[in-house]
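Novice: Quick note: to get my numbering, add 3 to the position in the sequence shown (first position is 1).
Cβ coordinates follow ideal geometry from the N, Cα and C atoms, glycine included.
From a predicted model like this one, the values you see are computed outputs, not experimental measurements.
My structure is below; once you've seen it, I'll send some questions.
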Amino acid sequence: MDSCVSLPYMAAPELLPEPLPTIEDIAASKDILKERSGLRVVRIGTHFIVKYGVHVHLLEGENMLYVKHFMPTFVPTIYAIHSHQPEGKGSPINYIIKENILGRPLSSCWSSLDREEKARIACELRNHMNRLRQIPSPGYFGSIGKRPFSNDAAFWTIYHIEQCPPMGPFYTAKQMLQAIAEDVRNMRQDLEAGRFMHEFYERVFPIVLDSQTSVFTHGDLQRKNIVIADDGAVVIIDWEVAGWYPVYFEYCLAMSASYFMDDWHSWIPQILDEYLNEFPWIKMHFRTRIF
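Structure below.
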């Protein structure tokens with residue numbers, strides 16, 4: 004199974020804990036969990052979390068349905084994925100309606116946990132991530148359904164230039180690495196350094212980042228995206244950037260996002276296999292994109 008679901012998607016009525024909230028219900032909700040330009044996350048009653056906005060990617064909901072097929076308890080249940088075109092407005096508003104997991108983000112409680120509880124959570128995450136990697140590879144690098152990457156986990160110019168280069172799918176690691184090197188040049192197209200960085204990465208990446216295996220990757224394994232349910236279960240949310248990446252990407256992305264502010268980085272090797280040779284190069288690539 005590596006195919007897209009038909010959109011709009013609605014779960015079968017017998018799977019719903021109660022009738023789905025309407026567009027009006029969602030817009031009226033005052034229980035706002037997260038908000039930024041073009042994106043809002045709200046809670047509706049006891050059962051539903053809704054992520055919606057013009058900058059919401061429906062692919063996130065598709066990714067969660069995909070993972071749910073293999074690992075039923077790993078992700079929240081998706082109840083609906085759809086779009087609404089407001090009359091007289093240009094961009095459609097995308098909606099993902101999912102299960103409300105009763106619990107707390109790991110980011111809010113990590114510092115208060117003892118070593119034994121941290122070890123339990125790390126062990127459960129290790130089991131989850133091992134199972135994620137056992138999903139059979141379809142033989143390409145990209146989003147599910149043989150679609151291009153549509154996020155900034157590997158590429159940056161998606162959001163920054165009008166004519167961005169192809170973002171996949173790629174059928175060899177060399178193709179993907181060449182595209183990442185090209186991405187650097189596009190990000191720095193106003194600087195002469197962009198051309199030289201592109202030449203350097205294009206020459207070096209195939210040597211230091213050689214991996215012919217794609218594995219299904221969450222792509223943003225931070226504590227804010229891990230929920231500890233009230234029953235102790237460990238659930239992962241925010242699957243927007245998930246897809247088929249080189250095997251080392253999950254570790255490198257997680258370490259890059261740890262920022263070494265506390266002991267979280269020291270637990271990542273308990274959750275994911277380490278790729279110590281690849282991590283400095285991915286980290287350097289991210290710094291190139293930012294600075």
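In this structure, what does DSSP give as the bridge partners for Val59?
Specialist: Looking at the DSSP assignment, Val59 forms no beta bridge with any residue, so it has no partner.
Novice: Leaving aside the five residues before and after Lys37 along the sequence, list all residues of the same chain whose C-beta is less than 6 angstroms from its C-beta, in chain order.
Specialist: Excluding positions up to five away in sequence, the list reads Val44.
Novice: What does DSSP give as the partner residues of Met1 in its beta bridges?
Specialist: Nothing can be reported for residue 1, as the shown portion of the chain is limited to 4 through 294.
Novice: Measure how close the beta-carbons of Gly145 and Gly246 come, nearest whole angstrom, since I'm counting them as under 8 angstroms.
Specialist: Rounded, the Cβ-Cβ distance is 6 angstroms, consistent with contact.
Novice: Taking DSSP as the reference, what is the three-state secondary structure of Tyr248?
Specialist: Strand, per DSSP.
Novice: Tell me Glu38's beta-bridge partners as DSSP assigns them.
Specialist: Arg43.
Novice: Taking the DSSP output, what are the residues bridged to Ser146?
Specialist: Beta-bridge pairing links Ser146 to Arg150.
Novice: Look at the alpha carbon of Lys54 and the alpha carbon of His85, and state the distance between them as a whole number of angstroms.
Specialist: For Lys54 and His85, the distance between alpha carbons rounds to 11 angstroms.
Novice: Could you pull the DSSP bridge partners for Ile96 from this structure?
Specialist: Beta-bridge pairing links Ile96 to His87.
Novice: For a quick check, are the C-beta atoms of Ala14 and Tyr98 less than 8 angstroms apart?
Specialist: No; because the gap between Cβ atoms is not below 8 angstroms, this pair is not in contact.
Novice: Do you know whose CA, among Met132, His50 and Gly171, lies nearest Leu19's CA?
Specialist: The shortest C-alpha separation from Leu19 is found at His50.
Novice: Apply the 10 Å Cβ neighbour rule to Asn66 and answer buried if 16 or more other Cβ atoms are within range, or exposed otherwise.
Specialist: With 16 or more other Cβ atoms within 10 Å, it is buried.
Novice: Assuming Gly106 is part of the beta strand (DSSP E), what are its boundary residues?
Specialist: First-last of the beta strand (DSSP E) with Gly106: Gly106 to Pro108.
Novice: Tell me which residues share the same chain as Arg118 and place their Cβ nearer than 8 angstroms to its Cβ, disregarding the 5 neighbours each side in the sequence.
Specialist: Result list for Arg118: empty, nothing under 8 angstroms.
Novice: Inspect the beta-carbon positions of Ala122 and Tyr248 and report whether they are closer than 8 angstroms.
Specialist: Not in contact: Ala122 and Tyr248 (Cβ atoms no closer than 8 angstroms).
Novice: Report the partner residues of Phe173 according to the DSSP bridge assignment.
Specialist: DSSP lists Phe144 as partners of Phe173.
Novice: Is Ile285 helix, strand or coil when you go by DSSP?
Specialist: Three-state result, Ile285: helix.
Novice: Would you be able to state if there are at least three C-beta pairs under 8 angstroms between the region 172-185 and the region 212-219?
Specialist: Counting Cβ pairs under 8 angstroms, three or more are found: they touch.
Novice: Give the range of the alpha helix (DSSP H) segment to which Phe199 is assigned.
Specialist: Start and end: Glu195 to Val211.
Novice: Counting C-beta neighbours from all protein chains within 10 Å, is the total for Leu105 16 or more, i.e. buried, or is it exposed?
Specialist: When all chains shown are included, Leu105 counts as exposed.
Novice: In its own chain, which residues sit with a C-beta less than 6 angstroms from the C-beta of His201, not counting the 5 before and 5 after it?
Specialist: Same-chain partners within the cutoff: Ala184, Val187 and Arg188.
Novice: Pick out whichever of Ile229, Leu10 and Arg39 has its Cα sitting closest to the Cα of His58.
Specialist: Considering only alpha carbons, the answer is Arg39.
Novice: Spatial neighbours of Ser94 within its chain, please: C-beta separation below 7 angstroms, excluding the five flanking residues on both sides.
Specialist: If we look at Ser94 and ignore the five residues flanking it on each side, its Cβ neighbours are Val57.
Novice: Given His268, which residues of its chain have a CB within under 6 angstroms of its CB, disregarding the five upstream and five downstream residues?
Specialist: Hits under 6 angstroms: Ser261.
Novice: Could you tell me whether the Cβ atoms of Leu10 and Leu61 are closer together than 8 angstroms?
Specialist: Yes, the Cβ-Cβ distance between Leu10 and Leu61 is below 8 angstroms.
Novice: So Ala31 is in the alpha helix (DSSP H); what residue range does that whole segment cover?
Specialist: Segment Ile26 to Ala31, the alpha helix (DSSP H) holding Ala31.
Novice: Straight-line CA distance for Trp242 to Phe73?
Specialist: Using only the alpha carbons, I get a separation of about 15 angstroms.
Novice: Under 8 angstroms between the Cβ atoms of Ile47 and Ile26?
Specialist: Not in contact: Ile47 and Ile26 (Cβ atoms no closer than 8 angstroms).
Novice: Taking the continuous beta strand (DSSP E) assigned at Ser114, which residues delimit it?
Specialist: Run containing Ser114: none; DSSP gives neither H nor E here.
Novice: Per DSSP, which one or two residues make a beta bridge with Thr220?
Specialist: Gly246.
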